[in-house]
């Protein structure tokens with residue numbers, strides 16, 4: 070049997086955005102009620118203030134176990150902000166968590182300053198914490214072979230630093246978490262949900278997520294209110310609310326919400342039918358039909374892992390129609406060929422991780438390149454088994470045909486990971 074619960078394997082990332090210029094106008098009816106909105110989504114930017122150090126064996130060792138483009142993270146986020154600033158009539162931006170490398174206070178302040186540039190151009194910003202962002206014992210600086218603890222942030226400090234990204238203009242705030250509700254467009258309620266377990270952080274930050282019973286009760290009561298007032302509901306949280314491939318709850322359980330099927334059904338049945346998520350660093354959209362409702366989980370890749378995606382969404386509010394298009398960042402000042410750099414970085418990083426950790430997940434070292442290739446393809450989205458190399462296809466097919474039950478099960482899991490199903494992941498239309 071295979072069973073994966075280690076956190077390190079999935080700690081690679083996906084990077085954010087490329088240029089665009091869109092021309093759809095924000096429409097209003099004769100009564101001046103907004104009927105169209107345009108918004109962006111980016112996730113897991115993991116901004117790292119480079120004053121904390123980017124050289125030496127200690128920093129290199131960190132990257133060896135957690136392959137993110139941390140040294141470039143601020144540049145990538147700044148490039149993202151520049152691209153978004155140029156989008157015609159962009160109303161707001163959603164960021165579903167992991168704003169920082171490991172919750173360093175200076176990194177949060179850096180991120181807030183970048184978001185302030187968007188606010189100054191009339192673009193509202195909304196954030197929730199990710200598992201890296203609060204009470205993080207890994208908030209350190211690097212110098213040579215040593216690390217030194219630096220200030221992280223408490224939940225209250227997170228809300229204060231990012232007060233201009235949802236907290237100060239929330240119409241409701243949950244007393245049991247950092248969850249809040251805002252109205253980013255007329256008749257649209259954003260449920261920004263805190264799904265993180267930062268109170269459980271000891272010597273290691275907790276990766277898994279949950280919605281507490283008290284917070285879930287609060288959300289459900291507000292969904293009832295939203296329905297009575299005719300509001301279109303959009304959800305946002307860090308952790309996945311639906312499994313994105315069949316083996317994810319077995320292989321990578323910490324990347325979907327605890328009790329996700331029960332909680333997902335409760336939210337969907339109450340009127341939350343689309344949630345924007347992050348955490349797994351992949352471009353992936355899934356749809357799940359419960360007995361009485363449907364849920365879409367729109368996961369967006371990370372700012373520090375290729376392909377560096379972000380999304381621009383044109384929303385028809387009365388029709389509940391989301392026209393989603395995805396873009397990438399392919400250029401930053403410090404790299405002459407960032408498109409090649411980011412691709413090489415993620416491919417090499419994932420190969421090293423699968424080589425080192427694959428056996429503990431049931432994958433022989435000889436097959437590390439297969440796991441890495443599949444994983445990188447999943448990061449980009451719209452992946453197909455047929456697009457894999459002939460070698461990788463052959464390995465997976467042989468495992469699926471094996472007489473060894475464990476090898477066969479792993480083979481089918483890898484095939485499922487490599488073959489994306491409907492709906493599409495990057496460019497698609499969702500009508501609720």
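Numbering (this note's numbering), first residue to last: 70 to 501. Glycine included, each C-beta is placed from N, C-alpha and C at the ideal position. Here the structure is a predicted model, which is why all the values come from computation and not from measurement.
1. Look up residue 497 in the DSSP assignment and give the residues it is bridged to.
2. Between 363, 351, 268, which has its C-alpha nearest residue 507's C-alpha?
3. Determine contact between the segment 392–411 and the segment 155–167, defined as no fewer than three beta-carbon pairs at a distance below 8 Å.
4. Helix, strand or coil for residue 250? Go by DSSP, reduced to three states.
5. Of all the beta strand (DSSP E) runs that stay within the bounds of the segment 192–231, which reach a length of 3 or more residues?
6. Are the segment 104–124 and the segment 377–387 touching by the rule of at least three beta carbon pairs closer than 8 Å?
7. List the DSSP bridge partners of residue 378.
8. Could you spell out where the alpha helix (DSSP H) holding residue 289 opens and where it closes?
9. Mark residue 261 as exposed unless 16 or more other C-beta atoms lie within 10 angstroms of its C-beta, in which case mark it buried.
10. Taking 6 Å as the limit between beta carbons, can you name the residues of its chain near residue 255, skipping five residues before and five after?
11. Note down, in chain order, each residue of its chain lying with its Cβ closer than 7 Å to the Cβ of residue 209, except the 5 sequence neighbours on either side.
12. Quick one: what does DSSP say residue 332 is sitting in, helix, strand or coil?
13. Just to confirm, is the Cβ distance from residue 274 to residue 200 under 8 Å?
14. Which residue from 134, 136, 224 puts its Cα closest to that of residue 173?
15. Taking the beta carbon of residue 310 as the centre, do at least 16 other beta carbons fall within 10 Å, making it buried, or is it exposed?
16. So is residue 294 buried or exposed if we call it buried at 16+ other beta carbons inside 10 Å?
17. Just curious, the alpha helix (DSSP H) that residue 343 is in, first and last residue?
18. Have a look at the DSSP bridge pairing and note the partners of residue 353.
19. Would you list the one or two residues that DSSP bridges to residue 303?
20. Please report how far the alpha carbon of residue 79 lies from the alpha carbon of residue 433, in whole angstroms.
21. I need the straight-line Cα distance from residue 497 to residue 272, nearest angstrom please.
22. Check whether the segment 442–460 and the segment 479–495 are in contact - that is, three or more C-beta pairs closer than 8 Å.
23. Output the distance between the C-alpha atoms of residue 196 and residue 476, rounded to the nearest integer angstrom.
24. With 16 as the cutoff for other CB atoms within 10 Å, does residue 437 come out buried or exposed?
25. Expressed to the nearest angstrom, what Euclidean distance is found between the alpha-carbon atoms of residue 371 and residue 153?
26. When you compare only the Cα positions, how much space is there between residue 406 and residue 361?
27. With a threshold of 7 Å on Cβ separation, who are the neighbours of residue 484 within its own chain once the five nearest residues in sequence on each side are excluded?
28. Which same chain residues end up closer than 8 Å to residue 292 when comparing Cβ atoms and leaving out the 5 residues on each side of it in sequence?
29. When burial is assigned at 16 or more other CB atoms within 10 Å of the CB, is residue 98 buried or exposed?
30. Going by other Cβ atoms of all chains shown within 10 Å of its Cβ, with 16 needed for buried, is residue 266 buried or exposed?
31. In its own chain, which residues sit with a C-beta less than 8 Å from the C-beta of residue 93, not counting the 5 before and 5 after it?
32. In whole angstroms, what separates the C-alpha of residue 487 from that of residue 125?
33. If you reduce the DSSP assignment to three classes, tell me which class residue 450 lands in.
For this structure:
1. Against the chain shown, residue 497 aligns to sequence position 428. DSSP output for residue 497 lists 393 as bridge partner(s).
2. With the chain covering only 70 through 501, there is no way to say anything about residue 507.
3. By the Cβ test, the segment 392–411 is not in contact with the segment 155–167, since fewer than three Cβ pairs between them sit closer than 8 Å.
4. Working through the chain shown from its first residue, we reach residue 250 at position 181. Note: residue 250 maps to strand in three-state DSSP.
5. Whole beta strand (DSSP E) segments, 3+ residues: 193–196, 209–212, 215–218.
6. Result yes; three or more Cβ-Cβ pairs closer than 8 Å.
7. Numbered from its first residue, the chain shown carries residue 378 at position 309. Answer is 397, bridged to residue 378.
8. Taking the chain shown and counting its residues from 1, one reaches residue 289 at position 220. Its alpha helix (DSSP H) spans residues 282–297.
9. Stepping through the chain shown from its first residue, residue 261 is reached at position 192. Under the 10 Å beta carbon count, residue 261 is surrounded by 16 or more other beta carbons and is classified as buried.
10. What you label residue 255 is simply residue 186 of the chain shown in a count that begins at 1. Excluding residues within five positions, the ones whose Cβ falls inside 6 Å are 102, 103.
11. Sequence index remark: in the chain shown, residue 209 carries index 140 (1-based). Correct list, in chain order: 216, 217, 218, 219.
12. Stepping through the chain shown from its first residue, residue 332 is reached at position 263. Residue state, collapsed to three classes: helix.
13. The residue labelled residue 274 in the question sits at position 205 within the chain shown. The residue labelled residue 200 in the question sits at position 131 within the chain shown. With a cutoff of 8 Å on beta-carbon distance, residue 274 and residue 200 are scored as near each other.
14. Taking the first residue of the chain shown as position 1, residue 173 is located at position 104. Restricting attention to 134, 136, 224, the CA atom closest to the CA of residue 173 is found in 224.
15. In the chain shown, the residue the question calls residue 310 occupies position 241. The residue is buried, with at least 16 neighbouring Cβ atoms inside 10 Å.
16. Residue numbering aside, residue 294 sits at position 225 when the chain shown is read from its first letter. By the neighbour-count rule (16 or more Cβ atoms within 10 Å), residue 294 is not buried but exposed.
17. Here the question's residue 343 lines up with position 274 in the chain shown. Segment 343–346 is the beta strand (DSSP E) holding residue 343; no alpha helix (DSSP H) there.
18. Numbered from 1 along the chain shown, position 284 holds the residue referred to as residue 353. Answer is 368.
19. Counting from one through the chain shown, the residue named residue 303 turns up at place 234. Under DSSP, residue 303 shares a beta bridge with 259.
20. Walking along the chain shown from the start, residue 79 turns up at place 10. Walking along the chain shown from the start, residue 433 turns up at place 364. Here the model assigns residue 79 a pLDDT of 31, short of 50, so the residue's position is not dependable, and the following value carries that caveat. Roughly 17 Å separates the two Cα atoms.
21. Along the chain shown, read from residue 1 onward, the residue named residue 497 stands at position 428. Along the chain shown, read from residue 1 onward, the residue named residue 272 stands at position 203. A straight-line Cα-Cα distance of about 41 Å links residue 497 and residue 272.
22. In short, these stretches touch, since the Cβ pair count reaches three.
23. The residue you call residue 196 lines up with position 127 of the chain shown. The residue you call residue 476 lines up with position 407 of the chain shown. In a straight line, the C-alpha of residue 196 is about 42 Å away from that of residue 476.
24. Within the chain shown, residue 437 is the residue found at index 368, counting from 1. Its Cβ being crowded by 16 or more others within 10 Å, residue 437 is buried.
25. Position 302 of the chain shown, counting from 1, holds the residue named residue 371. Position 84 of the chain shown, counting from 1, holds the residue named residue 153. Each residue's CA atom was taken as its position, placing residue 371 and residue 153 some 16 Å apart.
26. Position 337 of the chain shown, counted from the start, is the residue given in the question as residue 406. Position 292 of the chain shown, counted from the start, is the residue given in the question as residue 361. Their backbone Cα atoms lie some 49 Å apart in a straight line.
27. In the chain shown, residue 484 corresponds to position 415, counting from 1. Closer than 7 Å at the Cβ level, and outside the excluded window around residue 484, lie 454, 465, 469.
28. As a first step, residue 292 is located in the chain shown; it is residue number 223 there, counting from the start. Correct list, in chain order: 260, 302, 336, 339, 340, 341.
29. Here residue 98 is taken as the residue at index 29 of the chain shown, counted from 1. Unreliable positioning characterises residue 98 in this predicted model, as indicated by a pLDDT of 43, which lies under 50. The coordinate reading is nonetheless provided below. Exposed, because fewer than 16 other Cβ atoms sit within 10 Å of the Cβ of residue 98.
30. Here residue 266 refers to the residue found at position 197 when the chain shown is read from its first residue. Around the CB of residue 266, 16 or more other CB atoms lie within 10 Å, so the residue is classed as buried.
31. In the chain shown, the residue the question calls residue 93 occupies position 24. For residue 93, the predicted structure reports a pLDDT of 37, less than 50, and the residue's modelled location is therefore unreliable. A value from the coordinates is still provided. Only 105, 107, 157, 158, 383 meet the Cβ criterion.
32. As a working mapping, residue 487 is identified with position 418 in the chain shown. As a working mapping, residue 125 is identified with position 56 in the chain shown. Approximately 36 Å, taken between the alpha carbons.
33. Counting from 1 along the chain shown, the entry for residue 450 is found at position 381. If DSSP states are grouped into helix, strand and coil, residue 450 belongs with coil.
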